[in-house]
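Asks: Please read through the structure below; I'll follow up with questions.
In the UniProt record's numbering, the protein residues as written are 1 to 79.
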């Protein structure tokens, strides 16, 4: 009976670590996207004529930062 309880406890602990790891992996990209969008909006407010170019660069930056979150998701599944 005790062996079954210990086996169940070890399984839930291991699967919980992947969830916690992915949660920690999303903190960086979340902060990065927030800073990136904030600075792009600040640049658009300072120079409205550059809004189109800043918007394009912002979306490229968001795509690269979001790739980090996807790498964190894959790493969570692997480990």
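Quick reminder that beta carbons are idealized off the backbone N, C-alpha and C, glycines included.
#1: Would you tell me roughly how many angstroms separate the C-alpha atoms of residue 20 and residue 61, rounded to the nearest one?
#2: Taking C-alpha atoms, which residue in 53, 74 and 58 lies nearest to residue 34?
#3: Leaving out the 5 sequence neighbours to the left and right, which residues in its chain are closer than 8 Å to residue 51 when beta-carbon positions are compared?
#4: Could you tell me the alpha carbon to alpha carbon distance between residue 27 and residue 49, rounded to whole angstroms?
#5: For residue 66 and residue 32, what's the separation of their Cα atoms in angstroms?
Replies: On the basis of the data shown:
#1: Working through the chain shown from its first residue, we reach residue 20 at position 20. Working through the chain shown from its first residue, we reach residue 61 at position 61. When rounded, the distance between both Cα atoms is 26 Å.
#2: Stepping through the chain shown from its first residue, residue 34 is reached at position 34. Comparing Cα-Cα distances from residue 34 to each of 53, 74 and 58, the minimum goes to 58.
#3: Taking the chain shown and counting its residues from 1, the one referred to as residue 51 is at position 51. Same-chain partners within the cutoff: 44.
#4: The residue you call residue 27 lines up with position 27 of the chain shown. The residue you call residue 49 lines up with position 49 of the chain shown. Rounded to the nearest angstrom, the two C-alpha atoms are 33 Å apart.
#5: Locating residue 66 in the chain shown gives position 66, where the first residue counts as 1. Locating residue 32 in the chain shown gives position 32, where the first residue counts as 1. Whole-angstrom Cα-Cα distance: 9 Å.
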